[in-house]
Amino acid sequence: MKKNVIYNQKFETNNLPDKCAKLIIADPPYFEVKGKFDFVWESFEHYLKDVEKWAKECKRLLADNGTLLWYGDAKKIAYSQIIFDKYFKLLNSVVWENTNPHKQQLKFSEDLRSFAPLTERLLMYEGKSKDLWSLNLTTSVKITREYIRKEIERAKGKIIFKDVNTALGTATNGGGVASACLSLNKTEPAMITEEMYLKIRDWLNADFKGEFLRREYEDLRREYEDLRRPFNNYFNLGDVIKFPNFETSKNEHDTIKPEKLTRILIQTCSRPGDLVLVPFAGSGTECAMSLKEKREFIGFEIEPKYIEISERRIKEIKFKPTLF
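Read in order, the letters of the sequence shown are residues 143 to 466 in our numbering.
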């Protein structure tokens, strides 16, 4: 299937290769909340059977170091979470609060006999099992540790963790930080920091300038970073995110999500050039914002009228680039 295209078909009928998507952003029907597409199931049980199909397909398509973001209604998302928890590891249950004035006004309604419904949920997942990604990540860390160990042994004859800690300016009573950074039997993928690496280099090169640890730190770290699941919280967000949504009428869809929120999620959870998979493209917000953030996308949408809207938005981004 070609990239940067929205296909007029059901998501689960795709023929994409396994583990092709670095980020999946899914804004599925919530079941009998809003929009005609929300009222096509005989029962909630039938809806959950489709959720199970979607979860299995997401599991097949998500890269080992990828992220799945799954929207849902505050009152019903728990049922979907039970299903997705079988296939993925839950990282966050994010709350998105719609700060539109007309939404906030609900708090003052005397007709409500419960707290005002201002929020939706966004489940954030990564792969659940200790798979090839975890093994590769750990291997990358161990290769770096082994390189540093060999350089210390070459310079000093053997490793004395107390001396390494002294060079690092950390605790000197035994293994301490040095043992945690250099031990080859550590299984957690914790990379030595650049500051520590340079301190060890300076210590080793005190008498033999330029002789030891000649490899640049970034060369060692690059493979490690490429293996990790992207997550760069540039915007210092917590698990409660507040954004208005003034875009529904503009893009003629009942359940559109804010462009700003979507862009932030894409920037945080993927890298430029990554493939973003959009199982329920709607009017194209996730697809258009992926393109704006220099990612590639593949979308799926069963309503032709929404595909037309999406394609207009995508063309605007392609031919009318903006600074922001």
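Glycine included, C-beta positions come from ideal geometry on N, C-alpha and C.
Determine the DSSP secondary structure at residue i, reduced to helix, strand or coil.
| i | result |
| --- | --- |
| SER251 | coil |
| VAL83 | As shown, the chain starts at 143 and ends at 466. That puts residue 83 outside it, with no answer to give. |
| TRP238 | strand |
| THR209 | strand |
| ASP192 | helix |
| PHE373 | coil |
| TYR267 | strand |
| GLU445 | coil |
| ILE459 | helix |
| PHE181 | coil |
| LEU340 | helix |
| LEU260 | coil |
| LEU165 | strand |
| LYS245 | helix |
| ILE148 | strand |
| ILE301 | coil |
| LYS231 | strand |
| ILE440 | strand |
| LEU346 | helix |
| LEU203 | helix |
| ILE451 | helix |
Mind reading off the beta-carbon distance from residue i to residue j? Whole number of angstroms is fine, and I expect it under 8 Å.
| i | j | result |
| --- | --- | --- |
| PRO97 | ASN242 | Residue 97 lies beyond the stretch modelled for the chain, which goes from 143 to 466, so this question has no answer here. |
| SER452 | GLY426 | 3 Å |
| ILE166 | PRO372 | With 8 Å as the limit, ILE166 and PRO372 do not qualify as a contact, their Cβ atoms being about 13 Å apart. |
| TYR229 | LYS198 | 7 Å |
| GLU293 | PHE354 | 5 Å |
How should residue i be labelled, buried or exposed, when 16 other C-beta atoms within 10 angstroms of its C-beta is the threshold for buried?
| i | result |
| --- | --- |
| GLU450 | exposed |
| GLN409 | buried |
| HIS188 | exposed |
| MET333 | buried |
| GLY214 | buried |
| ARG364 | exposed |
Is residue i near the ligand MN, going by C-beta to nearest heavy atom under 8 Å?
| i | result |
| --- | --- |
| LEU232 | Within the structure as shown, the ligand MN is missing, as the structure has no ligands at all. |
With a floor of 4 residues, list each alpha helix (DSSP H) that falls wholly inside the region 354-434, ordered by position along the chain.
359-369, 401-411, 427-434
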